[in-house]
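From first to last, the protein sequence lines are chains V and Z.
Counting from 53, one number per residue, gives the positions in the first sequence under my numbering.
Counting from 21, one number per residue, gives the positions in the second sequence under my numbering.
Here's the structure we're looking at; comments come further down.
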Amino acid sequence: MIVIDILQKTIRVAKALFTKSPATKDIRFESMHHPARYRGEHRIDYETCIGCDSCNKICPTHAITMKHLPLKKQNIVPEVNLSICIFCGLCEDVCPTKPKKSIMLSGGRYDMLSGGWHEDQNDFWVHVDIPQSYIDARLEEEEAARVKKELAAKKKAAEAEAKKRAEAGEVPKEIQTGMPDFNKGVEE
Amino acid sequence: MEHLKELISRFSCAYVEDYKKIWIKAKLNSKDDLLDVAKALQTEGLRSLSTVSPTDFAEDGIMEINYFFEDLDTKRNLWLKVDLPRDEAVCEIESLTPLFASANWHEREAYSMFGVRFLHHPDLRDIIKSEDFRDKYPFRVDFDWDAHEKETVANVQQIVDAFKKEQSENEVDLESDSSETILNWGPTHPASGPIRLRVHCDGEEIISIDPDIGYVWRALEHLVTKKDFIGAIVAVERLCFMDNINSMVGYAMAVEEIAGVTITPFASWMRVLLGETARISSHFMGMGVFFNNMGLHTLAMWNMDTREFFLDFLESYSGARIATAAIEPGGVRYGLDMRMFDELQKALDKFDANIDEVEAIFVKNPTMRMRAAEVGRLSADEIHMFGLSGIVARASGVKTDIRIDEPYAAYDKLDLEYITQERGSARDRFVMIFEELKSSVAIIKKAKQHIEEAVANGEMNPTKDHMVKVPKKLPKGEAISRVEWARGEVLMHLVTQEKAKSPYRLKMRAPSFNHTMMLDYLLRGQTLSDIPLIFGSLYVCQGDLDR
Numbered sequence: 053m054i055v056i057d058i059l060q061k062t063i064r065v066a067k068a069l070f071t072k073s074p075a076t077k078d079i080r081f082e083s084m085h086h087p088a089r090y091r092g093e094h095r096i097d098y099e100t101c102i103g104c105d106s107c108n109k110i111c112p113t114h115a116i117t118m119k120h121l122p123l124k125k126q127n128i129v130p131e132v133n134l135s136i137c138i139f140c141g142l143c144e145d146v147c148p149t150k151p152k153k154s155i156m157l158s159g160g161r162y163d164m165l166s167g168g169w170h171e172d173q174n175d176f177w178v179h180v181d182i183p184q185s186y187i188d189a190r191l192e193e194e195e196a197a198r199v200k201k202e203l204a205a206k207k208k209a210a211e212a213e214a215k216k217r218a219e220a221g222e223v224p225k226e227i228q229t230g231m232p233d234f235n236k237g238v239e240e
Numbered sequence: 021m022e023h024l025k026e027l028i029s030r031f032s033c034a035y036v037e038d039y040k041k042i043w044i045k046a047k048l049n050s051k052d053d054l055l056d057v058a059k060a061l062q063t064e065g066l067r068s069l070s071t072v073s074p075t076d077f078a079e080d081g082i083m084e085i086n087y088f089f090e091d092l093d094t095k096r097n098l099w100l101k102v103d104l105p106r107d108e109a110v111c112e113i114e115s116l117t118p119l120f121a122s123a124n125w126h127e128r129e130a131y132s133m134f135g136v137r138f139l140h141h142p143d144l145r146d147i148i149k150s151e152d153f154r155d156k157y158p159f160r161v162d163f164d165w166d167a168h169e170k171e172t173v174a175n176v177q178q179i180v181d182a183f184k185k186e187q188s189e190n191e192v193d194l195e196s197d198s199s200e201t202i203l204n205w206g207p208t209h210p211a212s213g214p215i216r217l218r219v220h221c222d223g224e225e226i227i228s229i230d231p232d233i234g235y236v237w238r239a240l241e242h243l244v245t246k247k248d249f250i251g252a253i254v255a256v257e258r259l260c261f262m263d264n265i266n267s268m269v270g271y272a273m274a275v276e277e278i279a280g281v282t283i284t285p286f287a288s289w290m291r292v293l294l295g296e297t298a299r300i301s302s303h304f305m306g307m308g309v310f311f312n313n314m315g316l317h318t319l320a321m322w323n324m325d326t327r328e329f330f331l332d333f334l335e336s337y338s339g340a341r342i343a344t345a346a347i348e349p350g351g352v353r354y355g356l357d358m359r360m361f362d363e364l365q366k367a368l369d370k371f372d373a374n375i376d377e378v379e380a381i382f383v384k385n386p387t388m389r390m391r392a393a394e395v396g397r398l399s400a401d402e403i404h405m406f407g408l409s410g411i412v413a414r415a416s417g418v419k420t421d422i423r424i425d426e427p428y429a430a431y432d433k434l435d436l437e438y439i440t441q442e443r444g445s446a447r448d449r450f451v452m453i454f455e456e457l458k459s460s461v462a463i464i465k466k467a468k469q470h471i472e473e474a475v476a477n478g479e480m481n482p483t484k485d486h487m488v489k490v491p492k493k494l495p496k497g498e499a500i501s502r503v504e505w506a507r508g509e510v511l512m513h514l515v516t517q518e519k520a521k522s523p524y525r526l527k528m529r530a531p532s533f534n535h536t537m538m539l540d541y542l543l544r545g546q547t548l549s550d551i552p553l554i555f556g557s558l559y560v561c562q563g564d565l566d567r
């Protein structure tokens, strides 16, 4: 009797080896449900960000701080503190850049607060790492634009003055002193 | 309605006017008339006082008190205003608690938050706010939160000592020859959630109960005033996570009324659809909690399983399972991808497949039906007296449902009927949740079908129709809106100033506040073992209890 009993039980257990498991997905690595709008960790695109500060203004929990860049225009870029953020997604809603938003949560990582030990408070931040080369390139661009604008302004001012003088029949200042007037047009 | 208007006009009023379909708005010239008006209203049939909401107009030196009287039977409601001087020393008015039992806690709340003293109130103590706010009134507009925080940090030891002293003296004041003791039920009791009931008991028998609430007080009504009109939705939805859609609907309706915006038909149908989905997710929890409190955890597990499918739909639509932030003033926040309805269909199929089994095993459970049949009974008169609403009111046979009484969103296009139970016991409230769950699913099916048909006909554009632009700055005004929340009536009273970027005052009347008030009334003379059962059947959520 005992032998038959053991045999029966062995067969019963062995059956499990040949049945297909009802679980098909390993949810440790893949979420069960991951819709496209899922509001997860932010992705911030510093290249398209125009630095308008809208996301910072609308954030209901003040989770966003604006990082300053050594540039003249678009000189701020958002960074998000994930330990304060409530993932409401309003920052993405107000972001004016098109066609792609500069700050995006939807479709973000779903596993952001799992895995790893998070020993550093910085692990809970979405920092924007901007390479120095990008900043340099932007600075150069800005400088070039500034010079170009300045020259154009100078030229315009000089033309206007020349015209004025010509109408009044005066001699231009440069000719009087022999030095160009460097202050002219700088205010613009 | 005309009769009510005439009745109010007999008193000296600044104005008496119609407001919406079933409201009359009136302002009394003198606070001395209040008691007489209240008595007249009570004989007229307006037996429930929904809430008391002060608004602090600091510049004018006025504290305006708003009373919302309701008649649950004939659906006539009155919004009554009285001005008080704002100065703390003279900011006082006659209490309505002797006439309207439901005013009790609402007046205590107004006293705690705004420092309005209610004369002849039987028990005017602080409620909700914590010890460190004693003699401070945090919702007054000139309250300095930063200074308060500094002071609290400096005096934290004193506050802790005071609390410990209260604990150690719990039984000192009691008579030495009686066996009366004070038992703390919660906040760590498995069935309690963040609430503490000070239970005065003699052995098993309960003498009285004094609920200590405020463990999850986040001052939401104050928080919204610090945010803009759109950002405020994240504070409003945190009224309670179980049914967050409907609270946002209420807030959005109030903003739209002030802005003078009408939402699109698509948005209104979506509000019905999403609102009912949230209601289902809440009711699943409520049913599970009821059985959990009786010691049987299976139903909660089963419910969580089905609920997850509904949450999947919410997640697909809005991007979050619980804190969806999916309703904004002007419509619904996102457009709809029609493929999302496949997921909703999956949830509905799952529901249909399981619900019979749930009914057979749990709703018709003989043990539950015997145990809960006689406890916590509320008569229809008590419902009126204490201003109860939602499933608690309907379980006692009171026909009240704001979706029918004062239809909002697209509920007027649905043929809804009152679902009621007769006896008003704990069991009836449980059965009520179950019946409403089924009706919610029926509503979802109708709304889904309607949207699908309209989209197929080209009447609605699901990707573009979802929003109407609401101006960022609103004009001066005020509005109230009511929604049928999962747990009962939520009344939002929104006040804005000229060119307002954020709400000046938002009062959220939450049903759990009234329902928790009932614990003392219901449990006196019962035994300790009834506490979890009755507490669970009242379907209380601490989120909207404390706000």
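Positions of the beta carbon are idealized from the N, C-alpha and C atoms, including for glycine.
Is residue i helix, strand or coil by DSSP?
i: Z/Trp237; result: coil
i: Z/Met262; result: coil
i: Z/Val488; result: coil
i: Z/Lys503; result: Correcting the residue type first, residue 503 of chain Z is Val in the shown sequence and not Lys. Reduced to three states, the DSSP call for Z/Val503 is strand.
i: Z/Phe249; result: coil
i: V/Gly167; result: Low per-residue confidence applies at V/Gly167: pLDDT is 49, beneath 50, and the placement is therefore not dependable, though the value from the model is reported in the following sentence. Correct three-state label for V/Gly167: coil.
i: V/Cys143; result: helix
i: Z/Lys149; result: coil
i: Z/His535; result: helix
i: Z/Phe88; result: strand
i: Z/Cys33; result: strand
i: V/Pro130; result: strand
i: Z/Cys221; result: strand
Residues of chain V with CB under 8 Å from residue i, in chain order?
i: Z/Tyr354; result: Arg89
i: Z/Asp230; result: Simply none; closest approach about 34 Å.
Could you check if residue i is buried or exposed, using at least 16 other CB atoms within 10 Å of its CB as the buried criterion?
i: V/Ser185; result: exposed
i: Z/Val110; result: exposed
i: Z/Gln562; result: buried
i: V/Leu142; result: buried
i: Z/Val176; result: exposed
i: Z/Ile226; result: buried
i: Z/Thr63; result: exposed
i: V/Gly92; result: buried
Less than 9 Å separating the beta-carbons of residue i and residue j?
i: Z/Ile453; j: Z/Trp205; result: no
i: Z/Arg67; j: Z/Leu92; result: yes
i: Z/Gly351; j: Z/Val236; result: no
i: Z/Thr344; j: Z/Leu294; result: yes
i: Z/Leu259; j: Z/Met528; result: yes
i: Z/Met307; j: Z/Leu316; result: no
i: Z/Ser122; j: Z/Leu139; result: no
i: Z/Ile570; j: Z/Ile148; result: Any question about residue 570 of chain Z goes unanswered here, given that chain Z covers just 21 to 567.
i: Z/Ala506; j: Z/Gly444; result: no
i: Z/Leu203; j: Z/Cys221; result: yes
What's the gap between the Cα of residue i and the Cα of residue j?
i: Z/Tyr87; j: Z/Cys33; result: 15 Å
i: Z/Ser501; j: Z/Met512; result: 5 Å
i: Z/Ala415; j: V/Pro112; result: 39 Å
i: V/Glu144; j: V/Gly103; result: 14 Å
i: V/Lys61; j: Z/Val292; result: 55 Å
i: V/Ser106; j: Z/Leu364; result: 34 Å
i: V/Ser154; j: V/Phe81; result: 28 Å
i: Z/Glu200; j: Z/Met268; result: 45 Å
i: Z/Asp263; j: Z/Glu90; result: 24 Å
i: Z/Val490; j: Z/Ile283; result: 10 Å
i: Z/Tyr438; j: Z/Ser459; result: 10 Å
i: V/Cys137; j: V/Gly160; result: 14 Å
i: Z/Arg299; j: Z/Asp485; result: 24 Å
i: Z/Ile278; j: Z/Lys101; result: 19 Å
Starting from the beta carbon of residue i, find every residue of chain Z whose beta carbon is closer than 8 Å, and list them in chain order.
i: V/Ile138; result: Val254, Ala343
List, in chain order, every chain Z residue whose beta-carbon is nearer than 9 Å to that of residue i.
i: V/Pro74; result: In chain order: nothing, as chain Z lies at least about 14 Å away.
i: V/Gly141; result: Ser338, Gly339, Ala340, Ala345, Arg353
List, in chain order, every chain V residue whose beta-carbon is nearer than 9 Å to that of residue i.
i: Z/Asp248; result: Lys109, Ile110, Pro112
What does residue i reach in chain Z if we use C-beta pairs closer than 7 Å?
i: V/Ala85; result: It is His, not Ala, that sits at residue 85 of chain V in the sequence shown. Residues of chain Z passing the Cβ test: Asp332, Glu335.
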